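One structure is given here, and the rest of the page talks about it.
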Amino acid sequence: MDWLGAEEWQAVALSLRVSLWATAASLPLGLFTAYALARWEFPGKQIVNGLVHLPLILPPVVTGYLLLLTFGPQGPAGRLLAEVGVVFGFRWTGAALAAAVMAFPLMVRAMRLSIEAVDPKLEAAGATLGASPPWVFATVTLPLVAPGVLAGAVLAFAKAMGEFGATITFVSNIPGETRTIPSAIYAFLQVPGGEGAALRLVAVSVAVAMGALLLSEWLARRVARRVGGA
């Protein structure tokens, strides 16, 4: 990517790093949450469902401010985590946290719809053969919902790549540390002559998003064929 300047390439590399970590770190929790909402009945289920989807309806700036109050240097969780060497405020790790929070509802929704489409009788059949619930999930449910898991992961990755409001509110726009592609585009548009760099980053964003979607479709088809032929 010689056509990208050093600062632009830095923003691209940081965005990929943040998005990958945000997706990978939230995937286990997202799958657990989706399964719980799809299969379990428990007190406060609707409250949990509302909290999961809250970042979708709140202004991103509000979500970022709440993260700052909670995980910032003066926040209760931020101070406790800082004592063990984990810092989110004004670090790339905070950008990953903000991206994960904003992408989490999309991930959970895709996975939940996929789990709900699986006939519970298939899982019950595995249980009647003596399999434990975790084994039934691993050998029956997970292979059937794998395309939905992939779709949720790709949606989360694409959302994380484009996250701006919560990120800039929580961790600011620090070059080399928290300046992701959206933040860099914003910064370039604030200075005379920065339109060219902004357009190049827009092109990178579109290319990465389209590439992720195409890869998701390809992987989903391969998984579906393997499951169908099993």
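If you use my numbering, the sequence shown corresponds to residues 62 to 291, in order.
Backbone N, C-alpha and C fix where the C-beta goes; we use that ideal spot for every residue, glycine too.
All values derive from a computational prediction rather than experimental measurement.
One alpha carbon belongs to residue 259, the other to residue 236, and they sit about 15 Å apart. The Cβ-Cβ distance between residue 82 and residue 157 falls below 8 Å. Nearest in C-alpha terms to residue 80, of all of 110, 266, 65, 201, is 266. Taking the Cα of residue 67 as reference, the smallest distance to any Cα among 119, 262, 230 is reached at 262.
By alpha-carbon distance to residue 273, the top candidate from 161, 223, 216 is 216. The distance from the Cβ of residue 223 to that of residue 165 is about 15 Å, inconsistent with a contact at the 8 Å cut-off. Exposure of residue 279 is indicated by the presence of fewer than 16 other C-beta atoms within 10 angstroms of its C-beta. DSSP, reduced to helix, strand and coil, places residue 195 within a helical segment of the structure shown. Excluding its 5 nearest sequence neighbours in each direction, residue 241 has C-beta neighbours in its own chain below 7 Å: 72, 75, 76, 79, 156, 228, listed in chain order. In chain order, 80, 84, 273 place their CB closer than 6 Å to the CB of residue 218, counting only its own chain and leaving out the 5 sequence neighbours on each side. Assignment of residue 178 by DSSP, reduced to helix, strand and coil, places it in the coil class. For residue 120, the CB contacts under 8 Å within the same chain, skipping 5 residues up- and downstream, are 226 in chain order. It is roughly 30 Å from the alpha-carbon of residue 135 to the alpha-carbon of residue 168.
Positions of the alpha helix (DSSP H) runs, each at least 4 residues long and wholly inside the stretch 233 to 267, are given as 242 to 250 in order along the chain. With contacts defined by Cβ atoms closer than 8 Å, residue 250 and residue 209 do not form a contacting pair.
Look at the stretch 141 to 187 and you find these whole runs of alpha helix (DSSP H), each 4 residues long or longer: 153 to 177. Rounded to the nearest whole angstrom, the C-alpha separation of residue 124 and residue 220 is 15 Å. Each of 197, 113, 204, 154 was checked against the Cα of residue 239, and the nearest Cα belongs to 154.
Taking all protein chains in view, the Cβ of residue 269 is crowded by 16 or more other Cβ atoms within 10 Å, so the residue is classified as buried.
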